[in-house]
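As structure tokens, the structure follows; a few thoughts come after it.
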Amino acid sequence: MHIMEGFLPVKHAIGWSIASAPFVAYGLRSINKRIKEKPEQRMLLGVAAAFTFVLSALKMPSVTGSCSHPTGTGLGAILFGPVAMAPIGMVVLLFQAILLAHGGLTTLGANIFSMAIVGPFAAAAIYRLAKAARLPFGFSIFLAASCADLLTYVTTSAQLAFAFPDPVGGITASFVKFAGVFAITQIPLAISEGLLTAVVMNALVRFNSRELQEMDVTAPQEVQA
Amino acid sequence: MKRYQNMLMMIAVIALVALPLWMVKRPAPGADGKEVQIFAGSDDKAKDLVGTISPDYKPWFTPLMEPPSGEIGSLLFALQAALGAGFIGYWYGCARTRAKLDQANHRAARC
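Following this line, the structure appears as structure tokens:
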């Protein structure tokens, strides 16, 4: 989902940066506040950030014959709320943009928007809906994390389509082309991300049940299992 | 049950990674006799697609620093994964030990 350095026109690059900035600022504030109120949750915040670090470093092969990587933002979004993932995602994207020439500084805003804003908000919303629909806990986690992963890549496709409309078919045709590159490739990876998130969440439920109840992730009776 | 479930999910992830490697066959070399690249990054494919949709577009900014070789690139990616996995391992170790000690304390208290 990394849009390469310089591969967004100046206006788009600035626009996406302006769009992402308030989320990052608000996310930082929300993280600071939470750590001050509940210092014992620091460890879990570390786990959420570490999970994003690992998953976004793993480039996995897909059935389309190209490689891509999961994002790992669903876990943190479910635990700490979607805005908390904006600054965490930014750290990962900065690391890759500066050291690896993967993504870029001019496209940082757009990449934050897809990976660290749209993905986490989707994850949190889908988890809420699944919980309200009384779906099993593990399945809700899986659903939220894999949809967040997929939607991140759909967002990237849309961003590129806006910037580079097809000369004949316009934005829609262009979106179909970019989605063919990103979204289709991502389907098996999104499933993998959902499964891995569920594995980590199972461990969290086992070892950190008190924190998870406090964070309103699980209801008390679910934890006893 | 939980452990069994986790194991199954891990196996599914491994299968999802391994299957494409086995399913996708390298196409025959093109007219220029060059090997066709498979499993290239989708980010690069998108870059090529930008080139086909608007051939006149010139990137207006280049990365400040590029890994001097593929090896250095994979070093940094491995470092990123190691940092994350290291922390998750640290948390898991702490959490397990804490759970064990809690249990031992409960048992001691009951005696």
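Chains as they are written, first to last, in the numbering used here: chain A, 1 to 225; chain B, 1001 to 1111. Ideal Cβ placement from N, Cα and C applies to all residues, glycine included. Bear in mind that the values here come from a model prediction, so they are computed numbers and not experimental data.
Looking at the secondary structure, which residues open and close the alpha helix (DSSP H) in which residue i lies?
i	result
residue 67 (chain A)	Not the alpha helix (DSSP H): residue 67 (chain A) falls in the beta strand (DSSP E), residues 66–68.
residue 1046 (chain B)	1042–1053
residue 1103 (chain B)	1070–1110
residue 134 (chain A)	Careful: residue 134 (chain A) lies outside any alpha helix (DSSP H) and carries neither H nor E.
residue 37 (chain A)	10–37
residue 177 (chain A)	170–207
residue 88 (chain A)	85–100
residue 107 (chain A)	From DSSP, residue 107 (chain A) is part of no alpha helix (DSSP H); its letter is neither H nor E.
residue 55 (chain A)	42–57
residue 74 (chain A)	73–80
Residue i: beta carbon under 8 Å from a heavy atom of the ligand ADP?
i	result
residue 191 (chain A)	You won't find the ligand ADP in this model; it holds no ligand whatsoever.
Quick one: does residue i have its CB under 9 Å from some CB of chain B?
i	result
residue 125 (chain A)	no
residue 22 (chain A)	no
residue 60 (chain A)	yes
residue 105 (chain A)	yes
residue 143 (chain A)	no
residue 99 (chain A)	yes
residue 94 (chain A)	no
residue 147 (chain A)	no
residue 6 (chain A)	yes
residue 68 (chain A)	yes
residue 10 (chain A)	yes
residue 49 (chain A)	yes
residue 57 (chain A)	yes
residue 224 (chain A)	Below a pLDDT of 50, predicted positions are generally treated as unreliable, and residue 224 (chain A), at 45, falls in that range; no measurement from the model is reported.
residue 112 (chain A)	no
residue 46 (chain A)	yes
residue 174 (chain A)	yes
residue 207 (chain A)	yes
residue 80 (chain A)	no
residue 118 (chain A)	no
residue 88 (chain A)	no
residue 53 (chain A)	yes
residue 63 (chain A)	yes
residue 138 (chain A)	yes
residue 18 (chain A)	no
residue 3 (chain A)	yes
Suppose you measure from the CA of residue i to the CA of residue j; what does that come to, to the nearest Å?
i	j	result
residue 224 (chain A)	residue 39 (chain A)	With a pLDDT of 45 at residue 224 (chain A), under the threshold of 50, the predicted position of this residue should be treated as unreliable, though the coordinate-derived value follows. Taking the straight line from one Cα to the other gives about 25 Å.
residue 222 (chain A)	residue 1051 (chain B)	Confidence at residue 222 (chain A) is low in this model, with a pLDDT of 49, below 50, so the placement of that residue is unreliable and no value is reported for it.
residue 207 (chain A)	residue 140 (chain A)	19 Å
residue 81 (chain A)	residue 35 (chain A)	14 Å
residue 1010 (chain B)	residue 126 (chain A)	23 Å
residue 12 (chain A)	residue 5 (chain A)	13 Å
residue 1016 (chain B)	residue 186 (chain A)	12 Å
residue 191 (chain A)	residue 7 (chain A)	29 Å
residue 105 (chain A)	residue 1046 (chain B)	18 Å
residue 57 (chain A)	residue 200 (chain A)	17 Å
residue 1057 (chain B)	residue 3 (chain A)	14 Å
residue 1068 (chain B)	residue 213 (chain A)	48 Å
residue 156 (chain A)	residue 171 (chain A)	13 Å
residue 101 (chain A)	residue 95 (chain A)	9 Å
residue 83 (chain A)	residue 112 (chain A)	11 Å
residue 204 (chain A)	residue 1028 (chain B)	48 Å
residue 1108 (chain B)	residue 202 (chain A)	28 Å
For chain A, find out if any of its Cβ atoms is closer than 9 Å to the Cβ of residue i; answer yes or no.
i	result
residue 1103 (chain B)	no
residue 1081 (chain B)	yes
residue 1108 (chain B)	no
residue 1111 (chain B)	no
residue 1086 (chain B)	yes
residue 1094 (chain B)	yes
residue 1070 (chain B)	no
Shortest alpha-carbon distance to residue i belongs to which of the options?
i	options	result
residue 62 (chain A)	A:213, A:203, A:193, A:189	A:189
residue 50 (chain A)	B:1093, B:1085, B:1026	B:1085
residue 1077 (chain B)	A:67, A:73, A:54, A:66	A:54
residue 144 (chain A)	A:107, A:167, A:195	A:195
residue 173 (chain A)	A:121, A:161, A:52, A:97	A:161
residue 92 (chain A)	A:148, A:108, A:165	A:108
residue 21 (chain A)	A:204, A:9, A:64, A:110	A:110
residue 86 (chain A)	A:28, A:146, A:176	A:28
residue 167 (chain A)	B:1025, B:1053, B:1042	B:1053
residue 1037 (chain B)	A:47, A:43, A:41, A:65	A:65
If we cut at 9 Å on Cβ distances, does residue i have a partner in chain D?
i	result
residue 84 (chain A)	The structure shown contains no chain D; its protein chains are A and B.
Using a beta-carbon distance cut-off of less than 8 Å, what residues from the stretch 1014–1041 of chain B approach chain A?
-> Per Cβ criterion, the list reads 1016, 1017, 1019, 1020, 1021, 1023, 1024, 1038, 1039, 1040, 1041.
Given a limit of 9 Å on CB to CB distance, which residues of the stretch 1049–1066 of chain B reach chain A?
-> 1049, 1050, 1052, 1053, 1054, 1057, 1058, 1059, 1060, 1061, 1062, 1063, 1064, 1065, 1066
Using a Cβ cut-off of 7 Å, which residues of the stretch 152–166 of chain A contact any Cβ in chain B, in chain order?
-> Answer in chain order: 160, 164, 166.
Within 7 Å of chain B by C-beta, residues of the stretch 176–205 of chain A in sequence order | 177, 178, 181, 182, 185, 188, 191, 192, 195, 196, 198, 199, 202, 203
Which of the residues in the stretch 24–44 of chain A, read from start to end, lie with their CB under 9 Å from any CB of chain B?
-> Flagged, chain order: 43, 44.
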